[in-house]
Structures are given as structure tokens and as C-alpha cells.
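Peer 1: Here it is, the structure, as C-alpha cells.
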């Protein structure tokens, strides 16, 4: 089965952890993830600058490692990312910011990527709130 996964919750929220575990279970079960799409506060999970307390998991780092390891299509909504200060090198330069902070494996793109993912997948599963 082909899944598209959308995350709307920030990196510290329980639903971010549930989304990651669901994605891991999808691949372990032999399913395909056609795209991960992070939107609204979910874009924080694609930031390389998140520092988690020592007694908590660093879900941003775990998401990045997961995307890179499995060569997944990881997309972050560009409008939501810019609004929350998550920038790639191109956007950092365009807006005159001192540095980029988009974690490895992710790309910025528009909301149309979520629509396309829903069309490609058998199931679109979204994780939001807390």
C-alpha cells in the first residue's frame, strides 16, 4: 500500500512521535511512503536548529535521519516554513538572513505537493494537534 503522511504538529508534540513511529511501521511492513509533507507547526520538525532536552527524544533529528536513510520525499510547506523561520540556503539568501536551518533530506515546496501526494497514495494519513 502507498501512504502519504502529513504532519501538522510541532516537533515536541506527541503526535509528531506517533507520526514517526507510524512511518517506521509502514516501511517495516513493506509499504511505500510516497511523500512526507510537513505543514503549519509541523515545519519545526524539519529544522536543524531544534535542541531537545537530554531526557527527551530529538524528533527533529530522528525525522531527518529517517528521511535520509530511506531516501524519502520529504517536503516542507514553504509558506509555513518561512512564517516560522525555517529556511533553506536559497530562501535565507533571498530574505537576507544570516543562515539556513532546513535539516538534511528536506525540501521546501508549495501546498500543491500535499495535493499531489494525496493523488499518488492509496491513503493520506495526517497527524495534527498535540
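Numbering (our numbering), first residue to last: 9 to 138.
Every residue, glycine too, gets a C-beta built ideally from N, C-alpha and C.
Computed from a predicted model, the values in this text were never measured in an experiment.
Any chance the CB of residue 83 is under 7 Å from a heavy atom of the ligand FAD?
Peer 2: With respect to the ligand FAD, the structure shown offers nothing to examine, as it has no ligands at all.
Peer 1: From what residue to what residue does the alpha helix (DSSP H) around residue 120 run?
Peer 2: Start and end: 120–128.
Peer 1: Taking residue 64 as the reference, which of 19, 99, 13, 45 has the closest Cα?
Peer 2: With distances taken between Cα atoms, residue 64 lies closest to 19.
Peer 1: Leaving out five residues before and five after residue 66 in sequence, what residues of the same chain have Cβ atoms less than 6 Å from its Cβ?
Peer 2: 60.
Peer 1: Mind reading off the beta-carbon distance from residue 55 to residue 109? Whole number of angstroms is fine, and I expect it under 8 Å.
Peer 2: Their Cβ separation, rounded to whole angstroms, is 5 Å, which keeps residue 55 and residue 109 in contact under 8 Å.
Peer 1: Please classify residue 112 as buried or exposed, where buried requires at least 16 neighbouring CB atoms within 10 angstroms.
Peer 2: Burial call: exposed.
Peer 1: Residue 80 and residue 44 look like a contact to me (Cβ under 8 Å); what is the Cβ gap, rounded to whole Å?
Peer 2: The pair is a contact, with the Cβ atoms about 6 Å apart (cut-off 8 Å).
Peer 1: Please go through the same chain and pick out, in chain order, the residues whose beta-carbon is closer than 8 Å to the beta-carbon of residue 32, but skip the five residues on each side of it.
Peer 2: Closer than 8 Å at Cβ, skipping near neighbours: 74.
Peer 1: In this structure, does DSSP put residue 67 in helix, strand or coil?
Peer 2: It is helical.
Peer 1: For the alpha helix (DSSP H) containing residue 16, list its first residue and its last residue.
Peer 2: That residue, residue 16, is in no alpha helix (DSSP H); it is neither H nor E in DSSP.
Peer 1: Can you give me the start and stop residues for the alpha helix (DSSP H) that residue 2 sits inside?
Peer 2: A question about residue 2 goes unanswered here, because the residues of the chain that appear run from 9 up to 138.
Peer 1: I'd like to confirm the pairing. Which residues does DSSP put opposite residue 45 in its beta bridges?
Peer 2: For residue 45, which the question treats as bridged, DSSP gives the partners 14, 83.
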